Amino acid sequence: MNDRGVPAVSLGMKHNTLPRTRRSFVVMIGVVLALVLVLGACSSSSKSGSSSTSTTGVTIKDLAFTTTPVKAGATVTVQNNDNVMHTVTSDDNTSFDVSIDPGKSATFTAPSKAGSYKFHCKIHSSMHGTLTVQ
Ligand SMILES: [Cu+2]
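Quick note on this note's numbering: the sequence shown kicks off at 1131 and runs consecutively.
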């Protein structure tokens, strides 16, 4: 009976009583939240090469390797843009060996010693590449 002063359900109906500055602040928060949602959806659906989480060291397209230098011990991402499975296998057979499903990516740990590491695909004998470890 005596709880008339409690504004529990008045949020939606009395929003016009908010001061002007406060209302534009609320609108701003809404805009920022919307932007974050849109950007988040974009970055998760389109895997652009410039990710900050790990280095895309090897990209595979049309049965060919494209490499970028990686740091020693780094997590190296291999992106397979073909519709067949590939492997990235070091020619010494011990430094790294990873298989990548069609259209997927996989990771391996770069060797801890700097140098040039030749590698190949175990499935396609014509595929060869060299990974530069800095
Ligand atoms: Cu292959």
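Just so you know, even glycine gets a beta-carbon here, dropped at the ideal spot from N, CA and C.
As the structure is a prediction and not an experimental result, all values here were calculated from the model.
- Nearest in C-alpha terms to Q1209, of all of S1220, D1222, G1187 and D1227, is G1187.
- Taking D1221 as the centre and dropping the five residues before and after it, the same chain places the C-beta of K1248, F1249 and H1250 closer than 7 angstroms to its C-beta, in chain order.
- Here T1185 is near V1200, since their CB atoms are less than 8 angstroms apart.
- In this model, M1215 and T1196 are separated by some 16 angstroms (Cα to Cα).
- A Cβ-Cβ separation of about 5 angstroms places T1260 in contact with S1246 under the 8 angstroms criterion.
- Within 10 angstroms of the beta-carbon of T1207 lie 16 or more other beta-carbons, which makes it buried.
- When C-alpha distances from A1240 are compared across V1263, V1157 and H1258, the shortest belongs to V1263.
- The C-beta separation of D1212 from D1231 comes to about 10 angstroms, leaving the pair out of contact by the 8 angstroms criterion.
- Under DSSP, V1218 takes part in a beta bridge, and its partners are V1228.
- Residue pairing for I1190: DSSP places it in a beta bridge opposite F1195 and N1210.
- Scanning its chain for C-beta atoms nearer than 7 angstroms, with the 5 sequence neighbours on each side dropped, one finds around A1202 the residues A1240, P1241, S1242, K1243, A1244, V1263 and Q1264, in chain order.
- Contact between T1189 and T1237 does not hold, since the beta-carbon distance rounds to 13 angstroms and is not under 8 angstroms.
- Using a 10 angstroms sphere on the CB of T1219, the tally of other CB atoms reaches 16 or more, which defines it as buried.
- Taking C-beta separations shorter than 6 angstroms and ignoring five residues to either side along the sequence, the partners of F1226 in its chain run S1220 and F1238, following chain order.
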